[in-house]
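Residue numbers (UniProt numbering): 1 to 266. Every residue gets a Cβ at the ideal spot worked out from N, C-alpha and C, and that includes glycine.
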DNA sequence: AAACTTGTCAACCGCACAGTG
DNA sequence: GCACTGTGCGGTTGACAAGTT
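Structure follows, in structure tokens:
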């Protein structure tokens with residue numbers, strides 16, 4: 001740009017660290033003449049370097065006004081804030097930090113601040129998770145009592161005649177099913193919370209189908225169905241307990257879970 | 001004390017873009 | 001419009017230092 005194309009030279013350029021002598025030559029030349037066209041700088045300054053290398057050396061280490069030394073706390077905070085705003089736009093960030101170069105900021109980010117930013121993000125995520133867990137705790141404890149009451153009603157209904165049983169309303173969602181419906185859907189616990197709307201819809205259908213079949217069945221079929229459901233609930237509960245224990249989630253759920261993994265493993 | 005690992009930082013590389021002929 | 005060249009930028013590398021085993 002605005003430079004006369006130079007003759008292509010086959011001279012071999014030095015690479016690697018700059019010697020104090022090279023630094024001095026470059027500094028002297030640029031201070032005296034300005035850099036102008038960078039590709040001509042090494043030739044005029046008597047350096048065995050390419051223009052790009054000279055430019056980088058000047059910008060990052062030789063130009064006046066550079067601030068050397070460790071970053072201050074204020075600078076750190078500025079970088080963190082700027083990174084949130086700009087992302088990896090190091091040169092833009094450098095404009096907001098006088099005396100610092102984009103390379104310096106980039107290096108500092110990768111060596112120090114990146115970890116801190118990750119940690120901060122993790123903490124924020126943990127706080128968010130804890131808040132969710134608290135919400136879950138309160139909803140699960142109320143669900144437990146609701147379900148227990150419903151199930152007692154259900155048990156009581158079995159003492160009645162088939163006729164009266166047909167008028168009973170069964171619990172819409174059995175607790176053990178709610179806790180362990182991967183048995184039905186083959187999904188893991190994490191997906192439950194992501195797809196909670198679908199799950200609620202599916203459970204509604206599942207529960208409704210079961211209730212319909214149950215009510216229409218004969219008394220012999222009712223017994224069989226009931227036994228199946230009891231086994232189902234028992235297995236689901238154990239499975240859930242096992243999942244809770246294995247994942248460590250149990251710590252977050254106060255309650256009366258039977259944690260007998262020997263039974264599970266048997 | 002030596003070997004190995006980890007962190008830091010200067011410098012290089014490749015790409016995109018803009019100016020020029 | 002196209003090829004060439006210079007510049008700027010972000011990603012990556014590699015040498016060296018410091019720390020750990």
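| request: Please classify residue 26: is it buried, with 16 or more other beta-carbons within 10 angstroms of its beta-carbon, or exposed? | output: What you label residue 26 is simply residue 26 of the first chain in a count that begins at 1. By the 10 Å Cβ count, residue 26 comes out buried.
| Do residue 90 and residue 57 have their C-beta atoms closer together than 7 Å? | Locating residue 90 in the first chain gives position 90, where the first residue counts as 1. Locating residue 57 in the first chain gives position 57, where the first residue counts as 1. Going by C-beta atoms, residue 90 is not nearer than 7 Å to residue 57.
| request: Answer yes if the segment 95-105 comes into contact with the segment 50-66, meaning at least three C-beta pairs across the two stretches below 8 Å, and no otherwise. | output: The answer is yes - the segment 95-105 touches the segment 50-66, with three or more Cβ pairs under 8 Å.
| Straight-line CA distance for residue 129 to residue 119? | In the first chain, the residue the question calls residue 129 occupies position 129. In the first chain, the residue the question calls residue 119 occupies position 119. The alpha-carbon atoms of residue 129 and residue 119 are separated by roughly 15 Å.
| task | Please classify residue 71: does DSSP put it in a helix, a strand, or coil? | result | Here residue 71 refers to the residue found at position 71 of the first chain. Correct three-state label for residue 71: coil.
| request: May I ask which residues mark the beginning and end of the alpha helix (DSSP H) holding residue 108? | output: Counted from its first residue, the first chain places residue 108 at position 108. Residues 102-108.
| message | Does residue 17 come out as helix, strand or coil in the three-state DSSP assignment? | response | Looking up residue 17 in the first chain gives position 17. Three-state DSSP puts residue 17 in coil, outside helix and strand.
| query | With burial defined as no fewer than 16 other Cβ atoms inside 10 Å of the residue's Cβ, what is the status of residue 42: buried or exposed? | reply | One-based indexing of the first chain puts residue 42 at position 42. Classification of residue 42: buried, given that the 10 Å Cβ count is 16 or more.
| query | So, helix, strand or coil for residue 130, using DSSP? | reply | Counting from one through the first chain, the residue named residue 130 turns up at place 130. Helix at residue 130.
| message | Comparing C-alpha positions only, which one of 78, 74 and 29 sits nearest to residue 55? | response | As a first step, residue 55 must be located in the first chain, where it is residue number 55. Per the Cα distances, 29.
| said: Since residue 62 and residue 117 should fall inside the 8 Å C-beta cutoff, what is the C-beta to C-beta distance between them, to a whole number of angstroms? | reply: Position 62 of the first chain holds residue 62. Position 117 of the first chain holds residue 117. That belief does not hold up - the Cβ atoms of residue 62 and residue 117 are roughly 31 Å apart, past 8 Å.
| Sorted by chain position, which residues of the same chain lie with C-beta nearer than 8 Å to residue 111's C-beta, five sequence neighbours on each side aside? | Locating residue 111 in the first chain gives position 111, where the first residue counts as 1. Nothing listed; no residue qualifies.
| task | For residue 60, I'd like the list of residues in its chain whose CB is within less than 6 Å of its CB, leaving aside the five on either flank, ordered along the chain. | result | Stepping through the first chain from its first residue, residue 60 is reached at position 60. Answer for residue 60: 101 and 103, listed in chain order.
| Start-to-end residues for the alpha helix (DSSP H) that takes in residue 42 | The sequence position of residue 42 within the first chain is 42, counting from 1. Element bounds for residue 42: 41-45.
| task | Return the first residue and the last residue of the alpha helix (DSSP H) that residue 91 is part of. | result | Taking the first residue of the first chain as 1, we reach residue 91 at position 91. Counting along the chain, the unbroken alpha helix (DSSP H) around residue 91 starts and ends at 90-95.
| query | When you compare each of 22, 24, 51 and 123 to residue 36 by their alpha carbons, which one comes out closest? | reply | The residue you call residue 36 lines up with position 36 of the first chain. It is 51 whose Cα lies nearest to the Cα of residue 36.
| query | How many angstroms separate the CA atom of residue 31 from the CA atom of residue 85? | reply | Along the first chain, one-based indexing puts residue 31 at 31. Along the first chain, one-based indexing puts residue 85 at 85. When rounded, the distance between both Cα atoms is 35 Å.
| Are there 16 or more other CB atoms within 10 angstroms of the CB of residue 124, so buried, or fewer, so exposed? | Numbered from its first residue, the first chain carries residue 124 at position 124. So residue 124 counts as exposed.
| said: If you measure between the beta carbons of residue 88 and residue 49, is that distance less than 7 Å? | reply: As a working mapping, residue 88 is identified with position 88 in the first chain. As a working mapping, residue 49 is identified with position 49 in the first chain. Cβ atoms of residue 88 and residue 49: not closer than 7 Å.
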